[in-house]
């Protein structure tokens with residue numbers, strides 16, 4: 041037996057999620073626009089770190105990972121609480137987002153470990 045309040049609460053949560061996604065997308069676009077406007081060529085490379093190349097590399101790699109993961113994601117129906125979910129788009133999107141977030145966490149951990157290891161500093165000291 042289900043209560044009508046359960047369905048109403050689910051509807052409120054779904055609208056809250058939609059609103060959150062829209063707000064996050066707007067903030068992301070505004071952040072990118074602000075970042076590109078405030079960028080100057082004099083700080084494009086600081087301490088021999090090519091900031092522009094790193095920023096473009098991260099953005100392109102993230103979009104590439106998201107596209108590949110969403111296209112390759114599983115669209116097999118799942119059953120949650122006795123309800124079958126069969127919407128192919130959302131199944132692939134969810135699988136892609138989960139996969140990409142896991143891959144990016146592993147990649148970030150590898151870069152942190154590399155930075156903490158001091159290998160790069162030892163290589164430049166030998167020259």
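Numbering (my numbering), first residue to last: 41 to 167.
From the three backbone atoms N, C-alpha and C, an ideal C-beta is built for every residue, glycine too.
Just so it is clear, the structure is predicted and the values come from calculations on it, not from any experiment.
Secondary structure of residue i, DSSP reduced to three states
{"i": "residue 124", "result": "strand"}
{"i": "residue 113", "result": "coil"}
{"i": "residue 97", "result": "helix"}
{"i": "residue 158", "result": "coil"}
{"i": "residue 41", "result": "Any reading at residue 41 must be qualified, since the residue scores a pLDDT of 49, below 50, and its modelled position is unreliable; the value itself is stated next. It is coil, neither helix nor strand."}
Cβ neighbour criterion (16 or more within 10 Å) applied to residue i
{"i": "residue 109", "result": "buried"}
{"i": "residue 136", "result": "buried"}
{"i": "residue 158", "result": "exposed"}
{"i": "residue 113", "result": "buried"}
{"i": "residue 41", "result": "Confidence at residue 41 is low in this model, with a pLDDT of 49, below 50, so its placement is unreliable and the value that follows should be read with caution. That one is exposed."}
{"i": "residue 51", "result": "exposed"}
Beta-ladder partner(s) of residue i, from DSSP
{"i": "residue 118", "result": "125"}
Check whether residue i and residue j have beta carbons under 7 Å apart
{"i": "residue 132", "j": "residue 116", "result": "no"}
{"i": "residue 105", "j": "residue 140", "result": "yes"}
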